[in-house]
Amino acid sequence: MSDARAELACETCERVTEHELHYAGRLLESVRCTECGSHLELSQRALLPAYVHDLEQRVTSKPRRLVHRAARDPRGFWTGLPRALARQPGKFLREFWALVRR
Ligand SMILES: [Zn+2]
541 MSDARAELAC ETCERVTEHE LHYAGRLLES VRCTECGSHL ELSQRALLPA YVHDLEQRVT
601 SKPRRLVHRA ARDPRGFWTG LPRALARQPG KFLREFWALV RR
């Protein structure tokens with residue numbers, strides 16, 4: 541997890557305020573207005589497939605081959621994915637749980 545700050549338009553304050561951006565890996569997970577505390581979570585359903593896609597890009601140097609494998613044998617692909625993640629367990633698991641445990 542990492543955080544960043546940015547000036548964004550807040551719907552509650554109705555003006556541009558400083559926002560905290562919370563990331564899981566390189567993907568934006570949630571945004572919080574530092575003025576009013578209004579909190580915007582990015583939908584888990586929308587986020588997870590994007591995160592898994594991002595993860596594939598990071599764990600393999602051959603993303604195109606992975607995509608072909610997924611199309612030919614989706615079940616084998618998904619059962620094989622945890623093994624790829626297991627090579628770099630701590631970092632990815634923490635990011636993954638940050639998305640799933642809410
Ligand atoms: Zn606000």
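Residue numbering for the sequence shown follows our numbering, beginning at 541 and increasing consecutively. All C-beta atoms, glycine included, are put in the ideal place defined by N, C-alpha and C.
- prompt: Heavy atom of ligand 1 less than 7 Å from the Cβ of E575, yes or no?
  reply: When distances are taken from the beta-carbon of E575 to the heavy atoms of ligand 1, the shortest one is below 7 Å.
query: What residue range is occupied by the uninterrupted beta strand (DSSP E) comprising L567?
result: L567 to C573
- prompt: Comparing the CB of S578 with every heavy atom of ligand 1, is any distance shorter than 7 Å?
  reply: yes
Residues that DSSP places opposite E581 in a beta bridge: Bridge partners of E581: S570.
- request: With a threshold of 16 other CB atoms inside 10 Å of the CB of C553, please say whether the residue is buried or exposed.
  value: exposed
query: For E558, does the three-state DSSP call read helix, strand or coil?
result: For E558, the three-state secondary structure derived from DSSP is strand.
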